[in-house]
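Colleague:
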Amino acid sequence: MILSKRLQAIANQVPSCKTMADIGTDHGILPIYLCLNHRINQAYACDIAPKSLNKAIEKIKKYHLEKQITPLLGDGMKMLPQSVESIVIAGMGGHLMTKILNESPHFHPHLILQANTHMEMVRMWLMENQYVIVDESIVFEKKQYYEIIHAKKTNESIFYDDFALKYGPILMQKKDPIWLQKYHQLLITYTNIDRQLQQSQKKDVKLLQKIEEIKKIVQD
Ligand SMILES: C[S@@+](CC[C@H](N)C(=O)[O-])C[C@H]1O[C@@H](n2cnc3c(N)ncnc32)[C@H](O)[C@@H]1O
1 MILSKRLQAI
11 ANQVPSCKTM
21 ADIGTDHGIL
31 PIYLCLNHRI
41 NQAYACDIAP
51 KSLNKAIEKI
61 KKYHLEKQIT
71 PLLGDGMKML
81 PQSVESIVIA
91 GMGGHLMTKI
101 LNESPHFHPH
111 LILQANTHME
121 MVRMWLMENQ
131 YVIVDESIVF
141 EKKQYYEIIH
151 AKKTNESIFY
161 DDFALKYGPI
171 LMQKKDPIWL
181 QKYHQLLITY
191 TNIDRQLQQS
201 QKKDVKLLQK
211 IEEIKKIVQD
């Protein structure tokens with residue numbers, strides 16, 4: 001089974017464990033891949049939409065994984081047992097992701113999160129709920145950048161400053177080439193906008209602040 005770049009990057013962040021759950025599984029590809037590659041023993045493929053879950057059920061049958069993967073129809077993580085070690089939530093916006101996390105009855109040891117928007121909000125949720133970010137990765141696919149976080153539950157208090165929340169504490173350290181490419185491109189876009197504004201004798205202070213901020217993170 002060949003995964004898309006984004007799904008492969010998400011799969012790579014899932015630690016080998018007994019049980020995982022994929023929240024908003026849709027096609028069910030992720031738990032299927034993890035079972036086929038013996039990375040997990042048991043999985044829950046969860047979705048709120050019957051149509052999506054049916055796609056997953058069909059695929060689970062196709063790969064004869066009915067004994068290992070349990071499909072669950074419902075909202076977020078509400079019906080999951082506490083014993084599930086790793087949770088994946090991917091391919092949705094940061095608002096919905098943090099809502100699902102807030103409504104979970106349990107804290108699970110590992111969270112692997114890929115939000116299409118508002119990653120800053122997701123990192124803030126992790127910080128406020130004592131999860132430490134242990135790894136981050138980034139991929140570029142279909143003209144989009146996708147960031148993936150692996151966070152672990154801790155009892156210690158966690159602090160990320162505004163830069164870390166926005167740009168990713170580990171991605172900033174790693175200076176991943178894809179991450180650098182993302183911000184170099186953004187820098188070019190913002191600089192061009194600023195140039196156009198200057199030509200019409202205008203100035204956008206917020207834009208100039210963003211340019212300085214990005215220069216700082218890519219050059220540090
Ligand atoms: C765009 S798909 C992402 C599929 C897959 N996770 C991926 O990354 O490729 C989002 C899925 O989340 C499901 N979803 C949305 N809200 C949900 C919720 N509150 N609980 C569970 N699933 C939800 C949708 O039905 C849909 O199947």
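In this text, residue positions in the sequence shown follow the working numbering: the first is 1, and each later residue adds one.
We put the CB at the ideal spot given by N, CA and C, even for glycine.
How many Å lie between Lys143 and Lys78 at the Cα?
Modeller: Counted from its first residue, the sequence shown places residue 143 at position 143. Counted from its first residue, the sequence shown places residue 78 at position 78. Taking the straight line joining both Cα atoms gives about 34 Å.
Colleague: Would you identify the three-state DSSP class for Asp26, choosing helix, strand or coil?
Modeller: As a working note, residue 26 is residue 26 in the sequence shown. Three-state result, Asp26: coil.
Colleague: Is the beta carbon of Asp75 closer than 7 Å to that of Ser52?
Modeller: Numbered from its first residue, the sequence shown carries residue 52 at position 52. Numbered from its first residue, the sequence shown carries residue 75 at position 75. Going by C-beta atoms, Ser52 is not nearer than 7 Å to Asp75.
Colleague: With a threshold of 16 other CB atoms inside 10 Å of the CB of Asp204, please say whether the residue is buried or exposed.
Modeller: Residue 204 sits at position 204 when you count from the first residue of the sequence shown. Label assigned to Asp204: exposed.
Colleague: Apart from the five residues just before and just after Ile10, which ones in its own chain have a Cβ nearer than 7 Å to its Cβ?
Modeller: The residue given as residue 10 occupies position 10 in the sequence shown. Around Ile10: Leu30, Val88, Ala90, Ile112, Gln114, Ile148.
Colleague: Which residue wins for smallest C-alpha separation from Gln130, given the options Thr117, Ile158, Glu58, Pro109?
Modeller: Against the sequence shown, residue 130 aligns to sequence position 130. Gln130 has its Cα closest to that of Ile158, out of Thr117, Ile158, Glu58, Pro109.
Colleague: Quick check: what's the CA-CA separation for Ala49 versus Phe140?
Modeller: Position 49 of the sequence shown, counted from the start, is the residue given in the question as residue 49. Position 140 of the sequence shown, counted from the start, is the residue given in the question as residue 140. Taking the straight line joining both Cα atoms gives about 28 Å.
Colleague: What number of angstroms, rounded off, separates the C-alpha of Ile69 from the C-alpha of Arg39?
Modeller: On the sequence shown, position 69 is the one that residue 69 refers to. On the sequence shown, position 39 is the one that residue 39 refers to. Distance between the alpha carbons of Ile69 and Arg39 is about 13 Å.
Colleague: For a test of the three-state rule: what should DSSP assign to Phe107, helix, strand or coil?
Modeller: Mapped onto the sequence shown, residue 107 falls at position 107. Reduced to three states, the DSSP call for Phe107 is coil.
Colleague: In the DSSP assignment, what residue or residues form a beta bridge with Ala21?
Modeller: One-based indexing of the sequence shown puts residue 21 at position 21. Paired residue(s): Tyr44, Ile87.
Colleague: Might you give, ordered along the chain, the residues of its own chain that have their beta carbon closer than 7 Å to the beta carbon of His246, omitting 5 neighbours on each side?
Modeller: Nothing can be reported for residue 246, as the shown portion of the chain is limited to 1 through 220.
Colleague: Helix, strand or coil: how does DSSP classify Pro71 here?
Modeller: As a position in the sequence shown, residue 71 is number 71, starting the count at 1. It is a strand residue.
Colleague: Say the cut is 6 Å; is the CB of Ile149 nearer than that to a heavy atom of ligand 1?
Modeller: Along the sequence shown, one-based indexing puts residue 149 at 149. No, since every heavy atom of ligand 1 falls outside the 6 Å radius drawn around the Cβ of Ile149.
Colleague: Report the rounded CA-to-CA distance for Arg123 versus Ile133, giving the unit in angstroms.
Modeller: Locating residue 123 in the sequence shown gives position 123, counting from the first residue. Locating residue 133 in the sequence shown gives position 133, counting from the first residue. Roughly 8 Å between the two C-alpha positions.
Colleague: Please report the residue range of the beta strand (DSSP E) in which Tyr131 lies.
Modeller: Translated into the one-based positions of the sequence shown, residue 131 becomes position 131. Tyr131 -> beta strand (DSSP E) spans 131 to 141.
Colleague: Can Ile178 and Ile138 be called in contact, C-beta distance under 7 Å?
Modeller: Against the sequence shown, residue 178 aligns to sequence position 178. Against the sequence shown, residue 138 aligns to sequence position 138. Against a cut-off of 7 Å, the Cβ pair of Ile138 and Ile178 comes out as a contact.
Colleague: Taking buried to mean at least 16 other C-beta atoms within 10 Å of its own C-beta, is Lys59 buried or exposed?
Modeller: Here the question's residue 59 lines up with position 59 in the sequence shown. Burial call: buried.
Colleague: Can you give the Cα-Cα distance for Ile23 and Leu7, rounded to whole angstroms?
Modeller: In the sequence shown, residue 23 corresponds to position 23, counting from 1. In the sequence shown, residue 7 corresponds to position 7, counting from 1. Spanning the two alpha carbons is a distance of roughly 14 Å.
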